[in-house]
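Everything below concerns the one structure shown next.
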Amino acid sequence: MTNPMVQENNDILDQIGMVARWRPVHLGQHAVLNALCKKAKYVKIGIGSSNIYDYRSPFTLDETQDMLQLALENHSNYEIIPVPDLFDGPRWRKMVLELFGELDLFITDNPYVADLMKEDYQVVKPVTLVPMEERVRVSGTMVRKAMVQGEDWQELVPDNIAKYILDHKLDERFRNEFGLKTLAMENIIQERSN
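All letters in the sequence shown, in the order written, are residues 47 to 240 by the working numbering.
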């Protein structure tokens, strides 16, 4: 079940959870993370595809955890939970239920995940928790594409995360390891949409 009116309800919830890849944490997700921590006493933040390292998930689990901790430096009411891909929806659903337990809300922007979890949790989209004036239209794909093309990707992520990526030369590593595949996949997607 979904409830698009969640943001109008100012009640503080006990526990909510969200699974996303967070690679990297961008300004849109930063607004969501802040909203989650304000909306609930405790937040379970799942790193989806935690066992995958590829062009869509080009940062390791440790690097992603570091970026989440930087994004959440003003909050302490959360825990970070690695959520590996199992390539089996029903098994993944059972695993998430075991990892997250009871929740007042489950937050996802992924229609497949929402469909998997709708029988177990009240499922809402992340944007429903973020006040209109704090919403930022950015996606991880936009950040990774800008990174590969040498564009100003730093403007799409929080300053401390941009610094972390630059200090660890993760942008260079991403371009070297996955730059061509990222651009090729972008071209395939554009051709299919035309």
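C-beta: ideal position from N, C-alpha, C; glycine also.
Being a predicted model, the structure only gives us computed values, none of them experimental.
Check, Outcome
"Which of helix, strand or coil does DSSP assign to P177?", "coil"
"Could you tell me which residues DSSP pairs with F152 in its beta bridges?", "G63 and V169"
"Where in the stretch 174-223 do unbroken runs of the alpha helix (DSSP H), each at least 4 residues long, occur, reported from the N-terminal end onward?", "186-194 and 205-213"
"Roughly how many angstroms separate the alpha carbons of R183 and R190, rounded to a whole number?", "15 Å"
"For I58, count neighbouring Cβ atoms within 10 angstroms of its own Cβ and tell me buried if that reaches 16, exposed if not.", "exposed"
"So, are the CB atoms of I91 and L132 less than 9 Å apart?", "no"
"Would you call the CB atoms of A86 and N56 closer than 9 Å?", "no"
"Compare the C-beta of L202 against all C-beta atoms of chain D and say whether one is closer than 9 Å.", "Absent from the structure is chain D; it holds one protein chain and no more."
"Under 6 Å Cβ to Cβ from R67, same chain only, skipping five residues before and after it: list those, please.", "G94, S95 and S103"
"Can you list the alpha helix (DSSP H) stretches of 4 or more residues lying completely in the stretch 80-143, in chain order?", "107-117"
"Within the continuous alpha helix (DSSP H) that includes D161, where are the two ends?", "P157 to M163"
"Taking three-plus beta-carbon pairs below 8 Å as touching, is the stretch 74-81 in contact with the stretch 164-179?", "yes"
"Distance check for I126 and S242, CA to CA, integer angstroms please.", "Because the chain is modelled from 47 through 240, residue 242 falls outside the range shown and cannot be assessed."
"When you compare only the Cα positions, how much space is there between A230 and L162?", "30 Å"
"Which word fits T106, buried or exposed, when buried means at least 16 other C-beta atoms lie within 10 angstroms of its C-beta?", "exposed"
"So, using beta-carbon positions, are L116 and V71 closer together than 9 Å?", "yes"
"Apart from the five residues just before and just after D155, which ones in its own chain have a Cβ nearer than 6 Å to its Cβ?", "K171 and P172"
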